[in-house]
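This note's numbering applies: residue 2 is where the sequence shown begins, and numbers increase by one. Here's the structure, in structure tokens; my notes come after.
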Amino acid sequence: MPSMPRDAIRTQVDGPPLSTERAEAHLVDRTANGELQAFEQLYRAYHPRLTRFLDRVTRRPGLVEELLNDTMLVVWNRAGTYNGRSKVSTWIFAIAYRKAMKALSRLDEPVQDEDNDDRPAPLETGPEYHAAQSQLRTALVRALDHLSFEQRAVMHLTYFHGIGCREISDIVGCPVDTVKTRMFHARRRMKALLSGGLEDWL
Numbered sequence: 002m003p004s005m006p007r008d009a010i011r012t013q014v015d016g017p018p019l020s021t022e023r024a025e026a027h028l029v030d031r032t033a034n035g036e037l038q039a040f041e042q043l044y045r046a047y048h049p050r051l052t053r054f055l056d057r058v059t060r061r062p063g064l065v066e067e068l069l070n071d072t073m074l075v076v077w078n079r080a081g082t083y084n085g086r087s088k089v090s091t092w093i094f095a096i097a098y099r100k101a102m103k104a105l106s107r108l109d110e111p112v113q114d115e116d117n118d119d120r121p122a123p124l125e126t127g128p129e130y131h132a133a134q135s136q137l138r139t140a141l142v143r144a145l146d147h148l149s150f151e152q153r154a155v156m157h158l159t160y161f162h163g164i165g166c167r168e169i170s171d172i173v174g175c176p177v178d179t180v181k182t183r184m185f186h187a188r189r190r191m192k193a194l195l196s197g198g199l200e201d202w203l
């Protein structure tokens, strides 16, 4: 299915305009009632995001479409179990994470667990910052391949999806402190891999 911007969800929900989160929750509710059109909107909205996530954390492009479809099949079959305690995005990414972890386990890739590193990110101002961010993104993609599955997941969710530690803990099913520890070890590993001063941005 072709991708659709997430904002498109907001305009396709009946009634007054809803926030993206409320609109997505409404689509999940409609999906639970067997509305194929609502499910298709969720699929189109999450297809590009899940594709990027699964590609980076598994490092196996041939698996991505299968894992994405397996994830969305769970969304279709278990929409009625969504209880609204987390964001829809957290719920869907958690399903994708578990699918990826199980797939890599079947392929015999080690999946293992790794303090806190709460240093704030640099201020998002000025052309120098944005140029460095572009350079950093390219370097991160290369360096991520050297991390463990768990470390790749938290780094990708942080840097490429802008998700915070608390939500990541819900996605990967571990305490916030464990997420921060994985981030600490991932950053330390990547600082050793990155060159040209880019490690200062981690």
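The beta-carbon is built from N, C-alpha and C at its ideal position, and this holds for glycine as well.
Alpha-carbon to alpha-carbon, residue j and residue i
| i | j | result |
| --- | --- | --- |
| G63 | R188 | 28 Å |
| L145 | A33 | 36 Å |
| Y98 | Y47 | 14 Å |
| R107 | A101 | 10 Å |
| T52 | T21 | 20 Å |
| S149 | G35 | 38 Å |
| H157 | T139 | 13 Å |
| D56 | R153 | 11 Å |
| R86 | C166 | 16 Å |
| H186 | R50 | 25 Å |
| A24 | Y160 | 25 Å |
| F54 | V65 | 9 Å |
| A39 | R183 | 36 Å |
| V89 | L69 | 16 Å |
| E67 | R190 | 30 Å |
| D215 | A104 | In this structure the chain extends from 2 to 203, so residue 215 is not present and cannot be described. |
| A26 | V58 | 26 Å |
8 Å CB neighbourhood of residue i in its chain, flanking five on each side removed
| i | result |
| --- | --- |
| S170 | P176, V177, T179, V180 |
| P121 | Summary for P121: the model assigns pLDDT 42, below 50, so the residue's position carries little reliability; its value from the coordinates is reported in the next sentence. If we look at P121 and ignore the five residues flanking it on each side, it has no Cβ neighbours. |
Proximity test, Cβ basis, 8 Å: residue i and chain D
| i | result |
| --- | --- |
| L195 | Absence of chain D from the displayed structure is noted, only one protein chain being present. |
Beta-carbon proximity list for residue i, same chain, < 7 Å, skipping 5 on both sides
| i | result |
| --- | --- |
| I172 | T91, F94, A95, Y98, L158 |
| R60 | D146 |
| L194 | A144, H147 |
Own chain partners of residue i with C-beta closer than 6 Å, once the 5 adjacent residues on each side are dropped
| i | result |
| --- | --- |
| E168 | T91 |
| L43 | L28 |
| V75 | I96 |
| I164 | L158 |
| M73 | Y44 |
| G174 | none |
At least three beta-carbon pairs within less than 8 Å, the stretch 75-88 to the stretch 18-31: yes
Whole alpha helix (DSSP H) elements within the stretch 27-92, 4-residue minimum: 37-59, 62-79
For a minimum of 4 consecutive residues, which ranges assigned as the alpha helix (DSSP H) are wholly contained in the stretch 166-202? 166-173, 177-194
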